[in-house]
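Step one of this worksheet: look at the structure below.
Number of protein chains: 2
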Amino acid sequence: MEQVNGALSDLVILDLTRVVAGPFCTSMLGDMGARIIKIENPRGGDDSRAYGPYVNGESAYFAMHNRSKEGVTLNLKAPEGKQMFLEMVKKADVVVENYRPGVMDRLGLGYEVLREVNDQIIYAAVSGYGCYGRYSQRPGYDILGQAMGGLMSVTGTDESGPVKAGNAMGDILGGLNLTIGILAAVHARPIIGHGQRVDVSLVDAVLVSLENVFTRYWYSGVVPPRAGNANPATAPYDAYQAKDGLAVIACGNQNLFEKFCLKVANHPEWLEDERFVDNVSRVANVKVLRELIEAWAIDHTVNDIVTNCLTNGVPSGPVYDVSQITRDPHIVEDREMFPVVHHPVIGDMHVNGDAIKLLETKPHVTRPAPTLGQDNEAVYGELCGLTPDQLVQYHERGII
Amino acid sequence: MEQVNGALSDLVILDLTRVVAGPFCTSMLGDMGARIIKIENPRGGDDSRAYGPYVNGESAYFAMHNRSKEGVTLNLKAPEGKQMFLEMVKKADVVVENYRPGVMDRLGLGYEVLREVNDQIIYAAVSGYGCYGRYSQRPGYDILGQAMGGLMSVTGTDESGPVKAGNAMGDILGGLNLTIGILAAVHARPIIGHGQRVDVSLVDAVLVSLENVFTRYWYSGVVPPRAGNANPATAPYDAYQAKDGLAVIACGNQNLFEKFCLKVANHPEWLEDERFVDNVSRVANVKVLRELIEAWAIDHTVNDIVTNCLTNGVPSGPVYDVSQITRDPHIVEDREMFPVVHHPVIGDMHVNGDAIKLLETKPHVTRPAPTLGQDNEAVYGELCGLTPDQLVQYHERGII
Numbered sequence: 009m010e011q012v013n014g015a016l017s018d019l020v021i022l023d024l025t026r027v028v029a030g031p032f033c034t035s036m037l038g039d040m041g042a043r044i045i046k047i048e049n050p051r052g053g054d055d056s057r058a059y060g061p062y063v064n065g066e067s068a069y070f071a072m073h074n075r076s077k078e079g080v081t082l083n084l085k086a087p088e089g090k091q092m093f094l095e096m097v098k099k100a101d102v103v104v105e106n107y108r109p110g111v112m113d114r115l116g117l118g119y120e121v122l123r124e125v126n127d128q129i130i131y132a133a134v135s136g137y138g139c140y141g142r143y144s145q146r147p148g149y150d151i152l153g154q155a156m157g158g159l160m161s162v163t164g165t166d167e168s169g170p171v172k173a174g175n176a177m178g179d180i181l182g183g184l185n186l187t188i189g190i191l192a193a194v195h196a197r198p199i200i201g202h203g204q205r206v207d208v209s210l211v212d213a214v215l216v217s218l219e220n221v222f223t224r225y226w227y228s229g230v231v232p233p234r235a236g237n238a239n240p241a242t243a244p245y246d247a248y249q250a251k252d253g254l255a256v257i258a259c260g261n262q263n264l265f266e267k268f269c270l271k272v273a274n275h276p277e278w279l280e281d282e283r284f285v286d287n288v289s290r291v292a293n294v295k296v297l298r299e300l301i302e303a304w305a306i307d308h309t310v311n312d313i314v315t316n317c318l319t320n321g322v323p324s325g326p327v328y329d330v331s332q333i334t335r336d337p338h339i340v341e342d343r344e345m346f347p348v349v350h351h352p353v354i355g356d357m358h359v360n361g362d363a364i365k366l367l368e369t370k371p372h373v374t375r376p377a378p379t380l381g382q383d384n385e386a387v388y389g390e391l392c393g394l395t396p397d398q399l400v401q402y403h404e405r406g407i408i
Numbered sequence: 009m010e011q012v013n014g015a016l017s018d019l020v021i022l023d024l025t026r027v028v029a030g031p032f033c034t035s036m037l038g039d040m041g042a043r044i045i046k047i048e049n050p051r052g053g054d055d056s057r058a059y060g061p062y063v064n065g066e067s068a069y070f071a072m073h074n075r076s077k078e079g080v081t082l083n084l085k086a087p088e089g090k091q092m093f094l095e096m097v098k099k100a101d102v103v104v105e106n107y108r109p110g111v112m113d114r115l116g117l118g119y120e121v122l123r124e125v126n127d128q129i130i131y132a133a134v135s136g137y138g139c140y141g142r143y144s145q146r147p148g149y150d151i152l153g154q155a156m157g158g159l160m161s162v163t164g165t166d167e168s169g170p171v172k173a174g175n176a177m178g179d180i181l182g183g184l185n186l187t188i189g190i191l192a193a194v195h196a197r198p199i200i201g202h203g204q205r206v207d208v209s210l211v212d213a214v215l216v217s218l219e220n221v222f223t224r225y226w227y228s229g230v231v232p233p234r235a236g237n238a239n240p241a242t243a244p245y246d247a248y249q250a251k252d253g254l255a256v257i258a259c260g261n262q263n264l265f266e267k268f269c270l271k272v273a274n275h276p277e278w279l280e281d282e283r284f285v286d287n288v289s290r291v292a293n294v295k296v297l298r299e300l301i302e303a304w305a306i307d308h309t310v311n312d313i314v315t316n317c318l319t320n321g322v323p324s325g326p327v328y329d330v331s332q333i334t335r336d337p338h339i340v341e342d343r344e345m346f347p348v349v350h351h352p353v354i355g356d357m358h359v360n361g362d363a364i365k366l367l368e369t370k371p372h373v374t375r376p377a378p379t380l381g382q383d384n385e386a387v388y389g390e391l392c393g394l395t396p397d398q399l400v401q402y403h404e405r406g407i408i
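For the record, the sequence lines run as chains A and B.
The C-terminal position of the first sequence is numbered 408 in our numbering, with every residue numbered one higher than the one before it.
The C-terminal position of the second sequence is numbered 408 in our numbering, with every residue numbered one higher than the one before it.
Below is the structure:
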């Protein structure tokens with residue numbers, strides 16, 4: 009079926025964000041059809057243009073997070089630059105930024121100024137600690153969001169000490185929450201009659217992701233320990249060492265444990281063992297059970313274990329490394345999670361696809377990431393009425 | 009200021025979800041003002057009503073994830089139950105479910121049936137592997153999303169082996185992506201003229217969260233190893249053992265490292281050391297540098313280190329455990345992240361607040377979680393026209 013429209017094809021978004029949390033949000037909105045105008049400083053642009061891996065001198069890191077965006081350069085400290093930005097704000101729905109709170113105010117481009125020129129504008133920001141609160145001026149990084157939001161304290165093993173998630177999970181959670189906030193504010197506009205400010209902090213976003221970890225604490229008084237891979241409420245439910253990797257086996261109830269013992273592992277005697285007679289006993293004796301399962305699993309491949317479990321209705325799957333994910337046909341072919349985009353400098357490159365499958369307005373990469381200032385002429389001609397002469401002059405003066 | 013309207017106050021959402029991923033999504037939508045009608049089976053309801061911790065016999069786990077929702081019971085296998093559901097679909101904007109794909113079709117209530125009675129309906133589902141693709145019928149659990157989406161492979165230390173995030177991160181990422189998908193589909197409705205189906209899988213949602221971990225793999229061919237807490241591109245940037253806990257110190261550039269050595273640690277000789285002369289050298293010698301920093305840090309409290317760093321402009325923060333988070337005044341007072349809700353059985357309880365700060369239509373808990381079938385009379389009277397007699401009769405027959 010021909011792609012008709014993106015879900016957000018009527019939205020114009022001015023994107024001042026850099027590096028991860030903000031660009032991740034706006035690339036998602038771009039994949040869903042919003043027009044994203046990424047505004048970078050004329051001297052080098054987004055910091056992440058200097059992050060590897062590089063291909064033909066161009067950052068693949070930047071290219072990944074900035075697909076589906078147009079790109080312009082603008083010096084927001086120059087009076088002409090401020091004026092051009094305000095001209096664009098008049099024609100936009102959303103401004104997104106991830107500066108430390110206060111930077112836009114000091115540029116004379118804070119929310120109060122922007123709403124004067126367009127009361128429908130939505131001003132969305134993500135930062136380490138949010139735009140208000142006593143820590144708002146602290147420098148924020150992903151690792152600080154993971155540390156202060158509690159994720160590190162519950163991740164890892166008894167031996168490892170607190171460990172952060174191996175990705176920039178604080179930034180990702182911040183970007184997802186910011187995306188929800190933007191769409192909610194767009195929806196609210198006709199209800200309240202105008203735009204509003206959306207504020208997301210990495211610490212808040214991580215904290216909320218811990219969900220019932222807090223509920224357990226409030227009602228037990230016990231500080232939740234690091235979780236490892238086991239489930240404190242169910243056993244067996246863990247990743248087990250097999251011959252060639254780790255396999256997850258998840259028996260959420262007695263029936264599944266019986267199937268596992270009888271049909272998968274061929275150890276009917278485990279069912280008779282009083283240490284494993286019910287879920288409560290299995291949780292109490294989880295280490296012994298684990299040793300027995302691993303003594304069995306080590307003689308089998310991950311693929312055999314997973315196939316055997318699934319055939320018998322026992323939930324199971326491999327612990328994939330990154331290379332294995334890029335070869336899994338369900339993920340690559342059926343779910344289309346690594347589309348190829350043609351970038352003018354990098355060439356054909358894989359980017360991550362979209363997790364949000366809107367089945368009629370399918371999100372997709374609409375264009376490769378922009379080279380620095382690539383769309384200055386088109387965007388400033390259209391939105392700010394700049395003539396070709398002015399474009400040349402403004403470029404020479406470092407305004408664009 | 010008095011709360012005027014929620015951002016989503018014109019939306020009616022029928023919520024068939026259970027346990028975490030779906031209920032997390034709909035509680036967020038409820039906090040933003042959408043009317044959420046949670047539909048549970050009359051025999052016990054949502055599985056998570058049986059999950060601890062319990063207070064006065066009521067599950068605090070369930071109460072946390074189901075605040076801001078009305079609650080009704082409905083037997084979707086009974087003909088009258090199906091008919092009542094379809095009546096409600098006519099008056100609703102969104103149906104959300106997290107069954108294994110195919111369950112709603114087998115009930116005769118799949119998307120194709122629902123769109124016949126209301127072509128504006130949005131049908132949103134989250135599952136382990138999505139509603140299409142060769143694994144769609146596999147049973148999905150949070151740990152499988154984390155395992156097959158790659159998060160486990162990059163989380164942990166050299167010694168720990170792959171570790172999952174200590175929370176139900178797969179479910180949370182699934183719930184956040186589903187929320188975005190619902191809001192995008194609502195936005196798209198006037199553009200395309202009708203509702204559509206939204207499909208999110210835990211594996212896809214986890215995969216996308218790994219962002220540039222994949223880019224590094226595509227261009228280096230090296231399978232990304234477990235990340236520990238250090239940053240492969242910058243040093244020092246890690247969590248360090250202090251006298252009474254762990255402190256994060258994040259020197260993202262040379263200037264910050266100089267401030268740290270001269271003003272915080274009082275070790276100017278580190279700056280002269282050729283092993284630490286620039287960021288590349290520090291990354292190469294990160295273990296030695298770490299030992300030196302920890303030999304210094306162990307004599308200082310976390311609070312002293314963080315305060316000293318921040319005073320001197322060096323990014324820093326504590327690695328909080330859950331109890332410390334609940335006492336931090338920025339988080340609790342300024343950001344209002346643990347509001348108290350009065351539940352009719354549990355009493356006053358803390359729930360997690362909202363990470364999405366819409367400053368004019370502030371998300372907030374609108375009501376405590378429902379007891380089972382609490383709103384049957386009001387909802388079925390209003391939306392299905394059931395008389396008091398019918399309500400009694402349907403209850404006795406197990407339809408509601």
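In this text, a Cβ means the ideal position worked out from N, Cα and C, and glycines have one as well.
Computed from a predicted model, the values in this text were never measured in an experiment.
Nearest to residue i (by Cα), restricted to the options the options
i, options, result
"Phe265 (chain A)", "A:Gln249, A:Pro347, A:Lys251 and A:Ser289", "A:Ser289"
"Asp55 (chain B)", "B:Phe93, B:Gly30 and B:Asp127", "B:Gly30"
"Gly89 (chain B)", "B:Arg108, B:Asn49 and B:Ser76", "B:Asn49"
"Gly41 (chain B)", "B:Ser76, B:Tyr328 and B:Val97", "B:Ser76"
"Val330 (chain A)", "B:Val330, B:Pro87, B:Asp252 and B:Glu219", "B:Glu219"
"Glu78 (chain A)", "A:Gln398, A:Pro378 and A:Val400", "A:Pro378"
"Lys99 (chain A)", "A:Gly153, A:Leu22, A:Gln145 and A:Gly148", "A:Leu22"
"His338 (chain B)", "A:Ala238, A:Gln145, A:Val63 and A:Glu280", "A:Gln145"
Sequence-distant residues of the same chain with beta carbon closer than 6 Å to residue i, five excluded per side
i, result
"Asp150 (chain A)", "Ala176, Gly178 and Asp179"
"Asp356 (chain B)", "Val348 and His350"
"Glu10 (chain B)", "Because Glu10 (chain B) sits at a pLDDT of 42, beneath the cut-off of 50, its placement in the model cannot be relied upon, and the following sentence gives the value as read from the coordinates. So the list is empty, once near-sequence residues are dropped."
"Gln204 (chain B)", "Ala193"
"Trp278 (chain B)", "Cys269 and Phe284"
Backbone CA spacing between residue i and residue j [nearest angstrom]
i, j, result
"Gly260 (chain B)", "Ile188 (chain B)", "32 Å"
"Pro396 (chain B)", "Ala132 (chain B)", "32 Å"
"Arg405 (chain A)", "Leu380 (chain A)", "16 Å"
"Asp101 (chain A)", "His372 (chain B)", "25 Å"
"Glu66 (chain A)", "Met72 (chain A)", "11 Å"
"Ile313 (chain B)", "Met36 (chain A)", "38 Å"
"Pro109 (chain B)", "Met345 (chain A)", "19 Å"
"Asn384 (chain B)", "Leu399 (chain B)", "8 Å"
"Tyr59 (chain B)", "Leu159 (chain A)", "22 Å"
"Arg26 (chain A)", "Tyr69 (chain A)", "12 Å"
"Gly157 (chain A)", "Gly253 (chain A)", "32 Å"
Residue i Cβ short of 6 Å to the ligand NAD heavy atom set
i, result
"Tyr225 (chain B)", "As far as ligands go, the structure on display features none, and thus does not contain the ligand NAD."
Nonlocal neighbours in the same chain, by C-beta distance under 7 Å from residue i, ignoring five residues either side
i, result
"Pro232 (chain A)", "Val162, Val221, Arg224 and Tyr225"
"Asn106 (chain A)", "Thr25, Arg26, Ala29, Gly30, Ala133, Val134 and Ser135"
Residue i at chain C interface by Cβ criterion, 7 Å
i, result
"Asp212 (chain A)", "The chain inventory of the structure shown lacks chain C, comprising the protein chains A and B."
Neighbourhood of residue i by C-beta distance below 8 Å, restricted to the same chain and skipping five residues each side
i, result
"Arg123 (chain B)", "Ile129, Tyr131, His202 and Gly203"
Using a Cβ distance threshold of 8 Å, determine whether the segment 223-235 of chain A contacts the segment 389-408 of chain B, with at least three qualifying pairs required. no
Any chance you could list the beta strand (DSSP E) runs of at least 3 consecutive residues sitting entirely within the segment 233-318 of chain A, in chain order? 245-250 and 253-258
Could you pull out every unbroken alpha helix (DSSP H) segment of at least 4 residues lying fully inside the segment 313-352 of chain B, listed in chain order? 330-333
Is there contact between the segment 268-285 of chain A and the segment 300-313 of chain A, where contact requires at least three CB pairs shorter than 8 Å? yes
Contact between the segment 14-32 of chain B and the segment 381-389 of chain A (3+ Cβ pairs under 8 Å): no
With a floor of 4 residues, list each alpha helix (DSSP H) that falls wholly inside the segment 22-110 of chain A, ordered by position along the chain. 29-39, 68-73 and 87-98
Using a Cβ distance threshold of 8 Å, determine whether the segment 239-251 of chain A contacts the segment 284-300 of chain A, with at least three qualifying pairs required. yes
What are the start and end residues of each continuous alpha helix (DSSP H) run of 4 or more residues lying completely inside the segment 195-240 of chain B, in chain order? 210-217 and 220-228
Do the segment 117-133 of chain A and the segment 312-326 of chain B touch if we need at least three Cβ pairs shorter than 8 Å? no
Take every Cβ of the segment 166-175 of chain A, pair it with every Cβ of the segment 92-101 of chain A, and state whether three or more of those distances are shorter than 8 Å. no
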